[in-house]
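The structure appears right after this line, and notes come after that.
Residue numbers (my numbering), protein chains in the order written: chain A, 7 to 343; chain B, 7 to 343.
Pasting the structure below:
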């Protein structure tokens with residue numbers, strides 16, 4: 007079977023040439039384990055950081071041997087666990103770039119292929135969607151009257167943040183994204199009230215214009231500087247979710263990500279550090295709540311698909327450069343066999 | 007009557023010579039106003055910052071004319087307001103260094119002279135105590151199982167923070183203070199489990215030793231650096247109250263007070279900016295809860311008293327240098343006349 011791995015150890019933002027697809031043995035099922043045929047593979051920014059050994063202490067894979075890590079959607083083809091049967095559909099967070107994976111059954115979360123398109127479980131119903139829901143409805147507890155700002159708003163986290171905020175009752179939802187194409191995805195498809203293109207001149211003024219009464223909630227994906235910009239537009243008692251610092255994943259020096267404590271106090275802000283791992287036990291609850299929103303058209307998503315593992319490296323490079331439009335998903339094999 | 011004012015405009019940490027006591031006309035009662043004979047005057051660190059025009063945008067008093075601002079405890083000697091009568095005891099946050107003050111009645115909060123010693127309304131039942139209660143019981147919601155760290159622990163905010171945390175069920179309360187005398191006040195009088203003297207060598211190691219299982223709540227009075235030190239000792243899901251940045255009140259350059267966003271996320275911390283003004287409407291509720299703790303000996307306080315307005319400048323200088331032992335209070339006139 008095919009397996010995607012690092013060609014060599016890296017200490018830079020990964021590019022397509024850093025990856026290679028090799029032939030590997032199909033792995034064997036362990037006791038209480040499963041073998042899963044991988045159908046969709048999720049490509050996510052944190053993996054770029056992890057390949058450099060920078061993500062939450064998790065190790066980079068061994069070059070020319072270990073699979074690139076990544077969440078997958080697939081079908082059980084062999085089960086030695088009582089709770090899973092052949093043919094079950096599962097989501098596996100600790101998956102990887104390979105056509106078949108062997109995992110302990112505790113790593114698999116059963117999914118219902120009927121509630122939404124299968125690949126949605128990699129994005130809007132997957133880790134990015136769960137992240138958005140955790141921050142908006144569990145930490146910041148967005149409701150009626152809130153004005154919400156989110157950056158990286160065209161991405162699968164940011165786009166879902168704004169839409170869930172709206173569903174939960176927010177009055178106004180404003181995004182920040184890079185370039186007119188992403189901004190029109192944010193306003194036209196995701197239905198935000200406004201999206202500010204941070205690559206355009208005068209964008210800080212336009213952000214102020216888009217928040218005439220300030221914001222009550224911000225969801226930060228990019229950097230401490232952006233969080234502080236959000237806080238300057240905050241009403242008193244604003245809540246802020248600190249979710250990601252994507253800008254720093256590939257900087258050459260590891261920064262301190264400084265937030266201004268004086269501004270936090272002056273605004274009486276409440277800040278919440280969010281790590282989505284903590285919400286994995288509530289994934290089914292999220293899917294049960296969000297799948298009907300997708301069915302009814304309240305919650306939209308966008309995908310950037312590649313077909314076949316051999317096309318994963320190029321899509322990963324596009325993702326690293328922010329050139330993807332929507333959730334990056336690699337279809338590794340056909341849904342129906 | 008006597009009135010304490012600035013001798014000249016200042017842009018440095020105030021010293022005794024910056025103040026002067028002048029003779030001024032006793033102010034007249036306005037419509038719906040009161041005249042209050044000042045008995046106790048509270049000296050607080052934020053006033054030092056305000057005299058330089060640095061506190062929350064509030065103006066410094068005019069030299070040789072305006073009274074130094076300060077909260078006072080006093081007795082109504084003239085009332086044109088229906089809710090107050092001559093002889094009523096009041097606490098006035100917007101008071102000042104003068105023997106009599108004329109105020110709108112809305113600025114007075116009636117106090118019961120029987121629930122605690124009168125001067126306690128300047129400290130443990132005054133703004134410092136309300137600050138401690140707001141952060142510990144309203145924002146961080148300290149309860150059973152919590153381990154709480156607070157700095158400036160010998161001060162009227164910090165000392166009350168630890169004691170209220172204990173009353174609310176905290177398992178372990180650790181303070182940080184400067185010097186052995188302050189540390190013994192914290193452990194012996196306030197009953198903290200440990201107090202670390204930050205002026206002693208190796209204190210960071212001793213802090214680690216004092217928090218073998220980490221902390222679940224920190225209450226920050228001093229600086230962003232201290233908040234980050236607290237966060238390195240935090241368990242995941244720790245709550246932090248950002249209350250004051252006293253270290254920066256008199257620095258020559260206005261710093262950004264940087265907090266590390268990466269650490270906040272990694273710890274899944276929740277941070278709360280606290281400005282005690284927001285809790286003024288709940289002052290009576292706090293006093294009703296805390297006065298019995300004082301009566302029963304659960305909540306202790308310590309005072310550094312000066313007698314007469316003419317001794318306020320020297321005590322203010324000691325306060326600015328952290329040489330006060332307990333709440334700085336100036337007794338301006340006798341309780342009984």
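For every residue, glycine included, the Cβ atom is placed at its ideal position computed from N, Cα and C. Keep in mind that this is a model prediction, so the values were computed, not measured.
**Prompt:** Is the Cβ of residue 253 of chain B closer than 8 Å to any Cβ of chain A?
**Reply:** Your numbering for residue 253 of chain B matches position 247 in the second chain. No, because no Cβ of chain A sits closer than 8 Å to the Cβ of residue 253 of chain B.
**Request:** Mind checking which residues open and close the beta strand (DSSP E) that includes residue 95 of chain B?
**Result:** Taking the first residue of the second chain as 1, we reach residue 95 of chain B at position 89. Run containing residue 95 of chain B: 95–98, per the beta strand (DSSP E) assignment.
**Prompt:** Bridge partners of residue 116 of chain A, per DSSP?
**Reply:** To locate residue 116 of chain A, count along the first chain from 1; it is residue 110. Beta-bridge pairing links residue 116 of chain A to A:96.
**Prompt:** Taking Cβ positions, are residue 16 of chain A and residue 56 of chain A nearer each other than 8 Å?
**Reply:** Along the first chain, read from residue 1 onward, the residue named residue 16 of chain A stands at position 10. Along the first chain, read from residue 1 onward, the residue named residue 56 of chain A stands at position 50. No.
**Prompt:** Does the Cβ-Cβ distance between residue 226 of chain B and residue 189 of chain B come in under 8 Å?
**Reply:** In the second chain, residue 226 of chain B corresponds to position 220, counting from 1. In the second chain, residue 189 of chain B corresponds to position 183, counting from 1. No; because the gap between Cβ atoms is not below 8 Å, this pair is not in contact.
**Asked** What residues in its chain sit with their C-beta under 6 Å from that of residue 307 of chain B, if we drop five residues either side in the sequence?
**Response** Within the second chain, numbered from 1, the residue matching residue 307 of chain B stands at position 301. Hits under 6 Å: 129, 130.
**Request:** Note down, in chain order, every chain A residue with its Cβ under 7 Å from the Cβ of residue 284 of chain B.
**Result:** Here residue 284 of chain B is taken as the residue at index 278 of the second chain, counted from 1. What residue 284 of chain B touches in chain A: 274.
**Partner residues on chain A for residue 263 of chain B, Cβ-Cβ distance less than 9 Å** = Indexing the second chain from 1 puts residue 263 of chain B at position 257. Per Cβ cutoff of 9 Å: 264, 265, 266, 267, 268, 269, 270, 271.
**Request:** Would you please state the rounded distance, in angstroms, between the beta carbons of residue 96 of chain A and residue 76 of chain A? I believe it to be under 8 Å.
**Result:** Within the first chain, numbered from 1, the residue matching residue 96 of chain A stands at position 90. Within the first chain, numbered from 1, the residue matching residue 76 of chain A stands at position 70. About 14 Å separates the two Cβ atoms, so there is no contact after all.
**Prompt:** Quick one: does residue 278 of chain B have its CB under 8 Å from some CB of chain A?
**Reply:** By one-based count along the second chain, residue 278 of chain B stands at place 272. Yes, its Cβ sits closer than 8 Å to a Cβ of chain A.
**Candidates B:204, B:321, B:90, B:245: closest to residue 157 of chain B by CA position** = Position 151 of the second chain, counted from the first residue, corresponds to residue 157 of chain B. Comparing Cα-Cα distances from residue 157 of chain B to each of B:204, B:321, B:90, B:245, the minimum goes to B:204.
**Request:** Compare the C-beta of residue 233 of chain B with all C-beta atoms of chain A and state if any pair is closer than 8 Å.
**Result:** To locate residue 233 of chain B, count along the second chain from 1; it is residue 227. Judged by the 8 Å Cβ criterion, residue 233 of chain B is in contact with chain A.
**Prompt:** Cβ atoms of residue 49 of chain B and residue 322 of chain B: under 8 Å apart, would you say?
**Reply:** Counting from one through the second chain, the residue named residue 322 of chain B turns up at place 316. Counting from one through the second chain, the residue named residue 49 of chain B turns up at place 43. Yes. Within cutoff.
**Message:** At the level of alpha carbons, what is the spacing between residue 224 of chain A and residue 167 of chain B?
**Reply:** Taking the first residue of the first chain as position 1, residue 224 of chain A is located at position 218. Taking the first residue of the second chain as position 1, residue 167 of chain B is located at position 161. Their backbone Cα atoms lie some 30 Å apart in a straight line.
**Asked** How is residue 294 of chain A classed by DSSP in three states: helix, strand or coil?
**Response** Counted from its first residue, the first chain places residue 294 of chain A at position 288. In the structure shown, residue 294 of chain A sits in a helix (DSSP, three-state: H, G or I).
**Prompt:** Can you name the start and end residues of the alpha helix (DSSP H) that residue 211 of chain B belongs to?
**Reply:** To locate residue 211 of chain B, count along the second chain from 1; it is residue 205. Start and end: 209–216.
**Asked** For chain B, is any of its Cβ atoms less than 8 Å away from the one on residue 44 of chain A?
**Response** Here the question's residue 44 of chain A lines up with position 38 in the first chain. False, the Cβ-Cβ gap to chain B never drops below 8 Å.
**Reference residue 216 of chain A, options A:26, A:231, A:236, closest by Cα** = The residue labelled residue 216 of chain A in the question sits at position 210 within the first chain. Cα-wise, what sits closest to residue 216 of chain A is A:236.
**Message:** I want to verify the contact list: residues of chain A whose CB lies under 7 Å from the CB of residue 248 of chain B, in sequence order.
**Reply:** Reading the second chain from its first residue, position 242 is the one you call residue 248 of chain B. Within chain A, the residues near residue 248 of chain B are 267, 270, 271.
**Request:** Determine, using beta carbons only, whether residue 96 of chain A comes closer than 8 Å to chain B.
**Result:** Taking the first residue of the first chain as 1, we reach residue 96 of chain A at position 90. It does not: the Cβ of residue 96 of chain A has no partner Cβ on chain B nearer than 8 Å.
**Item:** Those residues which DSSP pairs with residue 140 of chain B across a bridge
**Value:** As a working mapping, residue 140 of chain B is identified with position 134 in the second chain. Bridge partners of residue 140 of chain B: none, in fact.
**Prompt:** Is residue 187 of chain A helix, strand or coil by DSSP?
**Reply:** Taking the first residue of the first chain as 1, we reach residue 187 of chain A at position 181. In this structure, residue 187 of chain A counts as helix in the three-state DSSP scheme.
**Asked** Should residue 142 of chain B and residue 42 of chain B be called a contact, given that it needs their Cβ atoms to be closer than 8 Å?
**Response** In the second chain, counting from the first residue as 1, residue 142 of chain B sits at position 136. In the second chain, counting from the first residue as 1, residue 42 of chain B sits at position 36. Contact: no.
**Request:** Identify every residue that forms a DSSP beta bridge with residue 48 of chain B.
**Result:** For this step, residue 48 of chain B is matched to residue 42 along the second chain. B:335.
**Message:** Going by beta-carbon coordinates alone, are residue 229 of chain A and residue 44 of chain A separated by less than 8 Å?
**Reply:** The sequence position of residue 229 of chain A within the first chain is 223, counting from 1. The sequence position of residue 44 of chain A within the first chain is 38, counting from 1. Cβ distance not < 8 Å, so residue 229 of chain A and residue 44 of chain A don't count as in contact.
**With 16 other Cβ atoms within 10 Å as the buried cut-off, status of residue 70 of chain A** = Locating residue 70 of chain A in the first chain gives position 64, where the first residue counts as 1. Residue 70 of chain A comes out exposed.
**Asked** From residue 162 of chain A to residue 155 of chain A, what does the alpha carbon distance come to, in whole angstroms?
**Response** Counting from 1 along the first chain, the entry for residue 162 of chain A is found at position 156. Counting from 1 along the first chain, the entry for residue 155 of chain A is found at position 149. Answer to the nearest angstrom: the Cα atoms are 15 Å apart.
**Message:** Does any residue of chain B have a CB that is nearer than 8 Å to the CB of residue 148 of chain A?
**Reply:** The sequence position of residue 148 of chain A within the first chain is 142, counting from 1. Not one chain B Cβ lies under 8 Å of residue 148 of chain A.
**Message:** For residue 285 of chain A and residue 140 of chain A, which I take to be in contact (beta-carbon distance under 8 Å), what is that distance rounded to the nearest angstrom?
**Reply:** In the first chain, the residue the question calls residue 285 of chain A occupies position 279. In the first chain, the residue the question calls residue 140 of chain A occupies position 134. Yes, residue 285 of chain A and residue 140 of chain A are in contact; Cβ-Cβ is about 4 Å, under 8 Å.
**Asked** Can you check whether the CB of residue 192 of chain B is closer than 8 Å to the CB of residue 244 of chain B?
**Response** Here the question's residue 244 of chain B lines up with position 238 in the second chain. Here the question's residue 192 of chain B lines up with position 186 in the second chain. Taking 8 Å as the Cβ cut-off, residue 244 of chain B and residue 192 of chain B do not qualify as a contacting pair.
**Prompt:** Between which two residues does the beta strand (DSSP E) carrying residue 163 of chain B extend?
**Reply:** Looking up residue 163 of chain B in the second chain gives position 157. Run containing residue 163 of chain B: none in the beta strand (DSSP E); it sits in the alpha helix (DSSP H), 162–173.
**Message:** Distance check for residue 268 of chain B and residue 279 of chain A, CA to CA, integer angstroms please.
**Reply:** For the purposes of this step, residue 279 of chain A is taken as residue 273 along the first chain, with counting starting at 1. For the purposes of this step, residue 268 of chain B is taken as residue 262 along the second chain, with counting starting at 1. If I take the Cα positions, the gap works out to 9 Å.
**Message:** In the DSSP output, which residue or residues are listed as bridge partners for residue 80 of chain A?
**Reply:** Numbered from its first residue, the first chain carries residue 80 of chain A at position 74. Residue 80 of chain A pairs with A:44, A:96.
**Prompt:** Among the residues of its own chain, which have a CB less than 6 Å from the CB of residue 325 of chain A, if the five just before and after it don't count?
**Reply:** To locate residue 325 of chain A, count along the first chain from 1; it is residue 319. Once the five neighbours on either side are set aside, the close Cβ partners of residue 325 of chain A are 49, 334.
**Request:** Please classify residue 127 of chain A: is it buried, with 16 or more other beta-carbons within 10 angstroms of its beta-carbon, or exposed?
**Result:** The residue you call residue 127 of chain A lines up with position 121 of the first chain. Looking at its Cβ environment, which holds 16 or more other Cβ atoms inside 10 Å, residue 127 of chain A is buried.
**Asked** When the distance is taken between beta carbons, is residue 90 of chain A closer than 8 Å to residue 7 of chain A?
**Response** For the purposes of this step, residue 7 of chain A is identified with residue 1 of the first chain, where counting begins at 1. For the purposes of this step, residue 90 of chain A is identified with residue 84 of the first chain, where counting begins at 1. Taking 8 Å as the Cβ cut-off, residue 7 of chain A and residue 90 of chain A do not qualify as a contacting pair.
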